[in-house]
Every structure is written in C-alpha cells, then in structure tokens.
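Have a look at the structure below, then the notes.
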Amino acid sequence: MIIVGLTGGIGSGKTTVAKQFKSLGVPVYIADEEAKKLMNRSKVIKRKLIRLFGEKAYVNDTLNRPFLADIIFNDTSYLEKMNAIVHPKVAKHFERWVSKQEASYVIKEVAILFENGGHKQCDYVITVVAPKEVRVERLLLRDNTSREKIAAIMKNQWTDEDKVKLSDFVVENIELQDVENQASKIHKKLLEKLK
1043 MIIVGLTGGI
1053 GSGKTTVAKQ
1063 FKSLGVPVYI
1073 ADEEAKKLMN
1083 RSKVIKRKLI
1093 RLFGEKAYVN
1103 DTLNRPFLAD
1113 IIFNDTSYLE
1123 KMNAIVHPKV
1133 AKHFERWVSK
1143 QEASYVIKEV
1153 AILFENGGHK
1163 QCDYVITVVA
1173 PKEVRVERLL
1183 LRDNTSREKI
1193 AAIMKNQWTD
1203 EDKVKLSDFV
1213 VENIELQDVE
1223 NQASKIHKKL
1233 LEKLK
C-alpha cells in the first residue's frame, strides 16, 4: 500500500485538498480528527493527559481543549509532552486503518508531518501552501481566534519553503477551481507511478 502524506501550515487548506482526493475515490485519514477522537476514547491517553495537565484536562469526560490550549500557548514544552502521549496511539490506529483499505494509495493528512518526522513513513508527500495573510484571514474566520494565537501556532510549524524542499508535490491553495485541477493532476501522476 502506497502512503501519501498530505501536509501544510495551519490555514493552508489541507482539508480542502483532502476532500478533493476523497472525491477522486482515494481513502483519506485525517490524523488530527482521529487524534481528537482517541483523546476522548482511549482510557490510557486520558489517564496520561490527566497526569500531565491535571484533573481539569477533561470536563464531563470530554477533553477540555480551551484549557489545554491555554497551557500549551504559554509553555510549548507541554505540546511536545502531549504529542509524545498521543502520536504513538494515532500511528497504531493509522496502521490498522491502512490494513483495511483496498485502494492503490491512501492519503494521510497530518499538520506537522515534517515536524514529527512522519514524512519518513510516506512514499510521497504533498504540501499545501497559501500566502501567509490568506491563511491568517481564513483562521480568523474559521476559528474565532486571535492573530497572536495564530502567530504562536505558525511559529511551531516549519515554513512553507522548508516543507516544499522535501515534498514530491505542491498544491497552491488560493482558488478552489485551481485546487481541483492540481489534485486531479497529482492523482493521475501517482496512478502512473504505481503502474
């Protein structure tokens, strides 16, 4: 099974690109979504996160995201500690998911694919890019957040330039129509490589 990593900075439009591949019949695994589910479902993860962040980490048996975000925003070492708890579980979940797929390739969408070394487990990597100000505007609309919080997240991610250097394909996500065309071209190229 060929694994294609899909990544890009926050607000670049990875989800939009992932939907395009899904519409082409490609199975897509969204790592952040699965991580959120596991953080609420897995007793082991819950226990470890409560040990790390305290009892307030969960409210009514659900992850207290705003509480964790505030802690991580003020001390990024907590992000690394949390990732060390969650990422191995997500990796195992992904392996089980892949074993059930029957397509010629799958997409694994991960925001911090390069930052956590996940690109080494991929046969190809697609990076989604968009101008920084476009990304910021998207996030302000989508997440009801502040420019300060967006800047803090961007600071913890590699630059587009660094990601592009290690990528096999790049999707420039400004206009939806362009994204559809780019995704189709990449899909055709991947199918050709797999012949």
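According to the numbering used here, the stretch in the sequence shown is residues 1043 to 1237, in order.
For each residue, glycine too, the CB sits at the ideal point set by N, CA and C.
So, for residue i: in the same chain, excluding its five sequence neighbours on each side, which residues have a beta-carbon less than 8 Å away from its beta-carbon?
i            : result
residue 1092 : 1099, 1100
residue 1210 : 1166, 1167, 1168
residue 1181 : 1052, 1053, 1187, 1192
residue 1136 : 1071, 1073, 1076, 1150
residue 1220 : 1214
With a CB to CB cut of under 7 Å and the five nearest residues on each side skipped, what residues in its chain are close to residue i?
i            : result
residue 1154 : 1199
residue 1196 : 1051, 1052
residue 1236 : 1044, 1146, 1147
residue 1139 : 1071
residue 1223 : none
residue 1203 : none
residue 1090 : 1127
residue 1064 : 1070
Hey, how far is the Cα of residue i from the Cα of residue j?
i            : j            : result
residue 1048 : residue 1234 : 19 Å
residue 1088 : residue 1102 : 12 Å
residue 1208 : residue 1162 : 10 Å
residue 1061 : residue 1226 : 12 Å
residue 1120 : residue 1126 : 10 Å
residue 1057 : residue 1152 : 10 Å
residue 1108 : residue 1201 : 26 Å
residue 1095 : residue 1105 : 11 Å
residue 1314 : residue 1156 : This structure gives no information on residue 1314, because the portion of the chain shown stretches from 1043 to 1237.
residue 1217 : residue 1178 : 16 Å
residue 1046 : residue 1183 : 29 Å
residue 1142 : residue 1068 : 13 Å
residue 1185 : residue 1055 : 13 Å
In chain order, what residues of the same chain lie with their CB nearer than 6 Å to the CB of residue i, ignoring the 5 residues before and after it?
i            : result
residue 1066 : 1229
residue 1205 : 1156, 1169
residue 1164 : 1045, 1047
In terms of alpha-carbon separation, which member of the options lies closest to residue i?
i            : options                : result
residue 1150 : 1073, 1095, 1108       : 1073
residue 1123 : 1055, 1158, 1064, 1142 : 1158
residue 1111 : 1232, 1221, 1215, 1194 : 1194
Worksheet item: Does the pairing of the segment 1170-1180 with the segment 1113-1123 give three or more beta-carbon distances under 8 Å?
Response: no
Worksheet item: Taking contact to mean at least 3 C-beta pairs separated by less than 8 Å, is the segment 1132-1152 in contact with the segment 1074-1086?
Response: The segment 1132-1152 is in contact with the segment 1074-1086.
Discussion item. Any contact between the segment 1082-1089 and the segment 1182-1201? By contact I mean 3 or more CB pairs, one from each, below 8 Å.
Written reply: By the criterion of at least three beta-carbon pairs nearer than 8 Å, the segment 1082-1089 is not in contact with the segment 1182-1201.
Worksheet item: What beta strand (DSSP E) runs, 3 residues minimum, are completely inside the segment 1155-1223?
Response: 1166-1171, 1211-1214
Worksheet item: What beta strand (DSSP E) runs, 3 residues minimum, are completely inside the segment 1045-1104?
Response: Note on the segment 1045-1104: whole beta strand (DSSP E) runs with a minimum of 3 residues are 1070-1072, in chain order.
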